[in-house]
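Heads up: the sequence shown at position 77 corresponds to 717 in this note's numbering, and the numbers run straight through without jumps.
For each residue, glycine too, the CB sits at the ideal point set by N, CA and C.
Heads up, the thing below is written out as structure tokens.
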Amino acid sequence: MTRFAFRNDAEWWRHAVVYQVFPASFRDTDGDGMGDLQGIQSRLDHLEWLGVDAIWLSPIHPSPMLDGGYDISDFLGVDSRFGSMEDFDGLLRACHARGIRLLLDFVPNHTSDQHPWFLESRSSRKHARRDWYVWRDPAANGGPPNNWLGRFGGSAWELDRPTGQYYYHAFLKEQPDLNWRNPEVLNAMSEVLRFWMRRGVDGFRVDATGVLIEDDLLRDDPPKPGADDAVPPPERQTRVFTDSRPEAFECLARLRSVIDEFPHRLMAGEADTSAGMLGRFYGEPSAPALQLPLNFGLLDAQWDGRSVTAAIDTYLDRVPAHGWPSWALGGHDKRRIAERLGPTQARAAAMLHLTLPGTCFFYAGDEIGIPQVPVPPERIRDPFEKLVPGYGLGRDPERTPMRWNDGPGAGFTTGEPWLPIGSCAPGLNVAAQREDGRSMLQLYRRLIALRKAEPALHAPSIEPLRGTPETVAFRRRHPGQPAALVLLNLSEVPQTVDLPGPGRVLLSTHLDREDDSLAGSTILRPAEGLVIREESPES
Ligand code: GLC
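Structure representation (structure tokens):
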């Protein structure tokens, strides 16, 4: 049964809720301890029940898996650990039959060092593909051409002894950077996009968009002011000459024009949302780049009324008039929200996330409140933790498997899971939370449903209200419809809030006050959030 007709509106993504799946950790159907595409298909019921509009899959392509699959050795294939191309086509069909769109991760900046393009490129200085990667002669002393640092530690340059030159890698040395100054690279990567769009994918989350091109003069990066020993070594320079170069935005605009060859496709992507930068990731109206540069501002904000109110305001102010906001509350590179805020404030965060104007991205497992799962040293997979140890940079604890039930392997696998599942606290699984009418999972479902049903939550704007140091308050208003008031208590003590007028509770984070009529003032319990339909005559 289809949930709703497949809406063919070109800008379907504007009000969408996008669910990120890290394929290795979603569900394993062949017992090898790693999730797979059939596993994702087997759990579409969960996603349809939850009400998500689209799924974004982290990379599924053949990969040595040195960087969680972001080291790709064939952009046009499916890694056998995850299944086959038939499995992929089956998953895509199954998603579309349920009205769920499917986005892939597109990793344009680099390949695996096992990609045939790189094997050819490094084979000889004369090879036609030599210039597909960034090769430079050694410095006068034989060392790297300049001081640029790789994000995963050490120099960003690796010497290839047989050919006597260094190649540039923004990430691992096993992830050489493609040379985006070479038009053949743009053409080849455009064909990758077309290949998947012809198969029917609805768009992409583009990886590391800001680092596509580096300074041609190879000017050294300056030291970061005040970066002492507490700062991880790769972050002790300001990346002036490797990141967010003007030429990178030209490449993004070119990629966008490829996306626009196909109707109704989305290009979201990693971006720098800082002042002066965010707008460039959207591009100009005449040369648009990303439709949705991903914004992790809520996740990074200090969790109190003033800081969160300020984070919302600051971000929305930076979105250009022709842009559209996005909010990401988690991801495979970020500490889990339930760990950062605790289980009760994570509910307030979910309400905030799903009632703001813009497109929402959330991360598999956050709907049941999975925390960071400790990973013992001998089971560490993430190179970040191995190469820059001691700073807590490892991303394994947020990539651990989904918990479907409280059986062995948490319903994720019948084998040995690739990362520990952790001690499954009672109730911290999908089956238990479906049974519990007041669970985090039920809250997510209700919020997503409310977001779709309540016209005020479709308004493109937000009307901030004056909160307190402990609370956040805003109104959403759609012409001719009742306005919705969102009130959130970000503290652990009750807060009395004055209401602008009478209203009726549509939803409480505690899932127990619906239909309460309110007037004058109300008390928000610790970590409580309310969505209220206002009854004031003006609305
Ligand atoms: C992006 C990915 C991250 C990966 C890196 C290199 O930041 O989100 O997981 O390690 O790119 O591809």
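Beta-ladder partner(s) of residue i, from DSSP
i     : result
Q815  : In the DSSP output, where bridge partners are listed per residue, Q815 has none listed.
P863  : Q877
V1070 : Bridge partners of V1070: none, in fact.
H750  : D817
V718  : According to DSSP, which records beta bridges pairwise, V718 is partnered with nothing at all.
P933  : G909
Q1082 : Looking at the DSSP assignment, Q1082 forms no beta bridge with any residue, so it has no partner.
Q805  : D800
D649  : Partner(s): none; D649 has no beta bridge.
P1104 : F1114
S1148 : L1170
G923  : P928
W775  : Y807
L789  : S795
Contact belief for residue i with residue j at Cβ below 8 Å, rounded distance in angstroms
i    : j    : result
S966 : L932 : 4 Å
I977 : G970 : 5 Å
W775 : W757 : The Cβ separation is near 13 Å, so there is no contact.
S703 : D719 : 6 Å
Simplified DSSP state of residue i, which is helix, strand or coil
i     : result
R765  : coil
E1056 : coil
Q1121 : coil
E1175 : coil
M907  : strand
Y1031 : coil
A796  : coil
N1129 : strand
F662  : coil
G1160 : coil
Q1012 : coil
G963  : coil
G1143 : strand
I695  : strand
L1170 : strand
R845  : strand
V948  : helix
A968  : strand
L744  : strand
R738  : coil
R654  : helix
R1165 : coil
V1137 : strand
T642  : Low per-residue confidence applies at T642: pLDDT is 29, beneath 50, and the placement is therefore not dependable, though the value from the model is reported in the following sentence. Looking at T642 - three-state DSSP - the assignment turns out to be coil, as it is neither helix nor strand.
heavy atom of the ligand GLC below 6 Å from residue i C-beta
i     : result
Y807  : no
A867  : no
D973  : yes
A848  : yes
F1002 : no
D1180 : Because residue 1180 is not part of the residues shown, which for the chain are 641 to 1179, the question remains open.
F811  : yes
F773  : According to the sequence displayed, residue 773 carries Tyr and not Phe. Outside the cutoff, so no.
Y710  : yes
D753  : no
D944  : no
D719  : no
D592  : Because residue 592 is not part of the residues shown, which for the chain are 641 to 1179, the question remains open.
D714  : no
Does the pairing of the segment 650-669 with the segment 679-695 give three or more beta-carbon distances under 8 Å?
Contact between the segment 650-669 and the segment 679-695 is present: three or more C-beta pairs spanning the two stretches fall below 8 Å.
Contact between the segment 1065-1080 and the segment 1040-1049 (3+ Cβ pairs under 8 Å)
When C-beta atoms of the segment 1065-1080 are compared with those of the segment 1040-1049, three or more pairs fall below 8 Å, so the two segments count as touching.
Could you say if the segment 1054-1063 and the segment 1009-1021 meet the contact criterion of at least three C-beta pairs nearer than 8 Å?
Short answer: they touch.
Taking 8 Å as the cut-off, does the segment 828-837 touch the segment 894-911 (at least 3 CB pairs, one atom from each stretch)?
Yes, since at least three Cβ pairs between the segment 894-911 and the segment 828-837 fall closer than 8 Å, the two stretches touch.
On the three-pair Cβ rule with 8 Å, is the segment 801-816 touching the segment 885-896?
Judged by pairs of C-beta atoms under 8 Å, the segment 801-816 does not touch the segment 885-896, as fewer than three such pairs exist.
I'd like to know if the segment 999-1008 and the segment 1018-1034 are in contact, where contact means that at least 3 CB-CB pairs between them fall below 8 Å.
Cβ pair count under 8 Å is below three, so no.
So, do the segment 1103-1113 and the segment 933-952 have three or more beta carbon pairs nearer to each other than 8 Å?
The count of Cβ pairs closer than 8 Å, one atom from the segment 1103-1113 and one from the segment 933-952, reaches three, so the stretches are in contact.
Measuring CB atoms only, is the segment 1143-1157 touching the segment 1076-1087, in the sense that at least three cross pairs come out at less than 8 Å?
Segments in contact, yes.
Below 8 Å, can you find three or more Cβ-Cβ pairs linking the segment 758-765 to the segment 779-790?
With a cut-off of 8 Å on Cβ pairs, the segment 758-765 is not in contact with the segment 779-790, counting fewer than three such pairs.
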